[in-house]
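K.L.:
Residue numbering for the sequence shown follows this note's numbering, beginning at 1050 and increasing consecutively. Glycine included, C-beta positions come from ideal geometry on N, C-alpha and C. Remember, it's a predicted structure, so these values are computed and weren't measured experimentally.
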Amino acid sequence: AAKGILTARGGMTSHAAVVARGMGRPCVAGAGELRIDYRTGEMTVRNQTVKAGDTITIDGAAGEVMLGEVATIEPVLSGDFETLMTWADEFRTLGIRTNAETVDEVTTALRFGAEGIGLSRTEHMFFDADRIIAMREMIVAEDEAGRRHALEKILPMQRDDFAAIFRLMKSLPVTIRLLDPPLHEFLPKGEAEIADVAAAAGVSEERVRRRALRLEESNPMLGHRGCRLAITYPEICEMQARAIFEAAVLVTKETGATVIPEVMVPLIATKKELDILKAVIDRVAGEVGAEQGLAPEYLVGTMIELPRAALRAGDIAETAEFFSFGTNDLTQTTFGISRDDAASFLPDYERAGILEGDPFVSIDPDGVGELVKLGVERGRATRAGMKMGICGEHGGDPRSVAFCHNAGLDYVSCSPYRVPIARLAAAQAAIAADKG
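#1: With DSSP as the reference, identify every bridge partner of K1436, one or two as the case may be.
#2: Looking at R1361 and N1377, is the spacing between their C-beta atoms short of 9 Å?
#3: Where do the ends of the alpha helix (DSSP H) carrying Y1398 lie?
#4: Would G1128 pass as a contact of R1472 if the rule is Cβ separation under 9 Å?
#5: Beta carbon of D1227, beta carbon of V1337: below 9 Å?
#6: Helix, strand or coil for R1196 per DSSP?
#7: So K1100 is in the beta strand (DSSP E); what residue range does that whole segment cover?
#8: Is DSSP giving L1126 helix, strand or coil here?
#9: List the endpoints of the continuous beta strand (DSSP E) containing N1455.
#10: Could you tell me if R1291 is buried or exposed, where buried requires 16 or more neighbouring beta carbons within 10 angstroms of its beta carbon?
#11: Taking 8 Å as the threshold, find out whether the segment 1363 to 1383 comes into contact with the segment 1328 to 1335 through three or more Cβ pairs.
#12: In three-state terms, what does DSSP make of G1081?
#13: Please report the distance separating the alpha-carbon of R1170 from that of T1151.
#14: Under a Cβ-count criterion, where at least 16 other Cβ atoms within 10 Å of its own Cβ denotes burial, should E1354 be classed as buried or exposed?
#15: By DSSP, does V1349 sit in helix, in strand, or in coil?
#16: Do I1182 and V1246 have their beta-carbon atoms positioned less than 9 Å apart in this structure?
#17: How would you write the range of the alpha helix (DSSP H) that E1254 sits in, first residue to last?
#18: Spatial neighbours of T1098 within its chain, please: C-beta separation below 7 Å, excluding the five flanking residues on both sides.
#19: Any idea if R1088 is buried or exposed, counting beta-carbon neighbours within 10 angstroms, 16 or more meaning buried?
#20: In whole angstroms, what is the alpha-carbon distance linking T1319 and L1278?
#21: Measuring straight from C-alpha to C-alpha, what distance separates M1435 and K1422?
#22: Output needed for A1261: all residues of its chain with C-beta closer than 8 Å, excluding positions within five of it in sequence on either side, in chain order.
#23: Can you name, in chain order, every residue of its own chain whose Cβ lies under 6 Å from the Cβ of P1075, other than the five neighbours on each side?
#24: Given 8 Å as the limit, is there contact between the segment 1131 to 1141 and the segment 1458 to 1478, that is, 3 or more CB pairs closer than that?
#25: Buried or exposed: which applies to K1484, given that a residue is buried once 16 or more other Cβ atoms fall within 10 Å of its Cβ?
#26: State the Cα-Cα distance for the pair K1302 and A1344, rounded to the nearest angstrom.
#27: I1122 and M1115: beta carbons closer than 9 Å?
#28: Secondary structure at D1415, three-state DSSP: helix, strand or coil?
#29: By alpha-carbon positions, which one of A1241, E1367, V1468, K1219 ends up nearest to T1304?
#30: Roughly how many whole angstroms lie between the Cα atoms of A1366 and L1458?
#31: Taking only beta-carbon positions, decide if E1082 is within less than 9 Å of chain B.
#32: If you count every other CB in all the chains shown that lies within 10 Å of the CB of I1480, and 16 or more means buried, which is it?
#33: CB-CB under 8 Å to T1281, same chain, minus the five flanking residues each way: which ones, in chain order?
#34: Can you grab the Cα-Cα spacing for the pair P1356 / L1323, in whole Å?
#35: Going by alpha carbons, who is nearest to R1084 out of V1067, R1058, A1065?
#36: Would you call the segment 1459 to 1469 and the segment 1438 to 1451 in contact, with 3 or more CB pairs under 8 Å?
Rendered as structure tokens:
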């Protein structure tokens, strides 16, 4: 619903800013001088007060916020732009994919020249008001029967979303990350949301309230998320695999295009986790093939976003058929820094010369980058020619794109609106490497 986003907390690499960038919404995150009063519906900065209903203008690129409505012009992609992009494509060797999960995002990315989807975050498909209740119902269910009841509602939603994406992408690669919801983003908040979930699940509001309280975590980003959720509740993995494969078979039959989804398991730390979940995915693929009379083609890989996974990449590559480096979380877990909270002290670190820049903006080549290189080397030592890319926000940063080129990755994936930046940066990196 938001036309623009302004926050007092966080920073330009906070989750809110990343999601806003993918949506094409202007965002200024971490305007520290703002004082927001929810009770009165007012915010103040210095001697200026802005009330609910007032108009402000947000320039997400410059990080500026202006009082009132400032005249804007719609950007136009000129012929010169296409010419420049054509030159860039002649030189670059890195593939350019996009992070997208809606039809609008995919359409935008294709218009900007994306060659595939490197990250489709399936949990982002449930933020719509008519869907989030089913998602919350699944999360707060107390037993497998309750989860499966909710998953039956979610399955057709996911299948329709995947089919729409496959139709647009045709035979281009599509990497779909299985559910990775930090639970705090989905738990019902407030009495109205608790009442909605209780009504959908057919249970008392008090039961939902108790369950939500039990699910609260002290550190959700390091909590029960990613593959850990699927290990505990394999029926979630089953539902998503079925939705992916039914959609792939449907679109293959409709269009004749060969749809080969890349199923990505998030937050893997051990080979055993991937072994268990790949067995579930393979079983469901077999079931769908038998039911539909057409065996789906697919790859199963993982997101390397934990230091342990990068170090054990050789073992994990025995099971994984591709790697995608999730550099947002890999940076957080390598530095032990939260990207949502780092804006309060990172400028001091830059001024003191401890860090050259924000490691969430440009990849840290000495620490995070070293783990990426180790992951590439050890993974390909096990599985020669293994396809690898990155899907963190670094995929749209020119310095990080140059690092990826030199590290031997096959592609970078970034937000739709950063695809042209990545195409140009990849060309510049190739030319710089040729010059030695």
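P.N.:
Taking the structure as given:
#1: Here residue 1436 is taken as the residue at index 387 of the sequence shown, counted from 1. Residue pairing for K1436: DSSP places it in a beta bridge opposite F1371.
#2: The count along the sequence shown starts at 1 and reaches residue 1377 at position 328. The count along the sequence shown starts at 1 and reaches residue 1361 at position 312. It is not a contact, given that the beta carbons lie outside the stated cut-off.
#3: Counting from 1 along the sequence shown, the entry for residue 1398 is found at position 349. Judged by DSSP secondary structure, Y1398 falls within the alpha helix (DSSP H) whose first and last residues are 1395 to 1400.
#4: The count along the sequence shown starts at 1 and reaches residue 1128 at position 79. The count along the sequence shown starts at 1 and reaches residue 1472 at position 423. Not in contact: G1128 and R1472 (Cβ atoms no closer than 9 Å).
#5: Numbered from its first residue, the sequence shown carries residue 1227 at position 178. Numbered from its first residue, the sequence shown carries residue 1337 at position 288. Here residue 1227 turns out to be Leu, not Asp, going by the sequence shown. The answer is no: Cβ separation not under 9 Å.
#6: On the sequence shown, residue 1196 is found 147 positions in, with the first residue counted as 1. Helix at R1196.
#7: As a first step, residue 1100 must be located in the sequence shown, where it is residue number 51. Here the beta strand (DSSP E) through K1100 covers 1097 to 1100.
#8: Reading the sequence shown from its first residue, position 77 is the one you call residue 1126. DSSP, reduced to helix, strand and coil, places L1126 outside both helices and strands of the structure shown, so it counts as coil.
#9: Here residue 1455 refers to the residue found at position 406 when the sequence shown is read from its first residue. In the DSSP assignment, N1455 falls outside any beta strand (DSSP E) and within the unbroken alpha helix (DSSP H) covering 1447 to 1456.
#10: Locating residue 1291 in the sequence shown gives position 242, counting from the first residue. So R1291 ends up on the buried side.
#11: No, the segment 1363 to 1383 does not touch the segment 1328 to 1335.
#12: If you number the sequence shown from 1, residue 1081 lands on position 32. Here G1081 sits in coil by DSSP.
#13: Indexing the sequence shown from 1 puts residue 1170 at position 121. Indexing the sequence shown from 1 puts residue 1151 at position 102. Separation of R1170 and T1151 (C-alpha to C-alpha, rounded to the nearest whole angstrom) is 10 Å.
#14: Translated into positions along the sequence shown, residue 1354 becomes position 305. Residue environment for E1354: buried (at least 16 other C-beta atoms within 10 angstroms of its C-beta).
#15: If you number the sequence shown from 1, residue 1349 lands on position 300. V1349 carries a strand assignment under DSSP once its states are collapsed to helix, strand and coil.
#16: For the purposes of this step, residue 1246 is taken as residue 197 along the sequence shown, with counting starting at 1. For the purposes of this step, residue 1182 is taken as residue 133 along the sequence shown, with counting starting at 1. Yes. Within cutoff.
#17: On the sequence shown, position 205 is the one that residue 1254 refers to. Run containing E1254: 1254 to 1264, per the alpha helix (DSSP H) assignment.
#18: By 1-based counting over the sequence shown, the position of residue 1098 is 49. Within the same chain, E1091 come within 7 Å of T1098 by CB-CB distance, once the 5 residues on both sides are set aside.
#19: The sequence position of residue 1088 within the sequence shown is 39, counting from 1. That one is exposed.
#20: The residue labelled residue 1319 in the question sits at position 270 within the sequence shown. The residue labelled residue 1278 in the question sits at position 229 within the sequence shown. The straight-line gap from Cα to Cα measures roughly 15 Å.
#21: Locating residue 1435 in the sequence shown gives position 386, where the first residue counts as 1. Locating residue 1422 in the sequence shown gives position 373, where the first residue counts as 1. Taking the straight line joining both Cα atoms gives about 14 Å.
#22: For the purposes of this step, residue 1261 is identified with residue 212 of the sequence shown, where counting begins at 1. The beta carbon of A1261 sits closer than 8 Å to those of V1189, L1236, P1237, I1243, all from its chain and outside the five residues before and after it, given in chain order.
#23: Here residue 1075 is taken as the residue at index 26 of the sequence shown, counted from 1. Hits under 6 Å: G1053, I1107, G1109.
#24: Enough Cβ pairs lie closer than 8 Å, so yes.
#25: As a first step, residue 1484 must be located in the sequence shown, where it is residue number 435. Residue environment for K1484: exposed (fewer than 16 other C-beta atoms within 10 angstroms of its C-beta).
#26: The sequence position of residue 1302 within the sequence shown is 253, counting from 1. The sequence position of residue 1344 within the sequence shown is 295, counting from 1. CA-CA distance, K1302 to A1344, rounds to 11 Å.
#27: As a first step, residue 1122 must be located in the sequence shown, where it is residue number 73. As a first step, residue 1115 must be located in the sequence shown, where it is residue number 66. Taking 9 Å as the Cβ cut-off, I1122 and M1115 do not qualify as a contacting pair.
#28: Translated into the one-based positions of the sequence shown, residue 1415 becomes position 366. In the structure shown, D1415 sits in coil (DSSP, three-state: anything other than H, G, I, E or B).
#29: Position 255 of the sequence shown, counted from the first residue, corresponds to residue 1304. Of A1241, E1367, V1468, K1219, the smallest CA-CA separation from T1304 is found for K1219.
#30: Numbered from 1 along the sequence shown, position 317 holds the residue referred to as residue 1366. Numbered from 1 along the sequence shown, position 409 holds the residue referred to as residue 1458. Their backbone Cα atoms lie some 15 Å apart in a straight line.
#31: Of the chains in the structure shown, none is chain B; there is only one protein chain.
#32: Position 431 of the sequence shown, counted from the start, is the residue given in the question as residue 1480. Taking every protein chain shown into account, the CB of I1480 has fewer than 16 other CB atoms within 10 angstroms, so this residue is exposed.
#33: Numbered from its first residue, the sequence shown carries residue 1281 at position 232. Only H1273 meet the Cβ criterion.
#34: Counting from 1 along the sequence shown, the entry for residue 1356 is found at position 307. Counting from 1 along the sequence shown, the entry for residue 1323 is found at position 274. Distance between P1356 and L1323, taken at the CA atoms: about 16 Å.
#35: As a first step, residue 1084 is located in the sequence shown; it is residue number 35 there, counting from the start. Selected option, being the one with the closest Cα: R1058.
#36: As far as the Cβ criterion goes, the segment 1459 to 1469 touches the segment 1438 to 1451, which means the pair count is three or higher.
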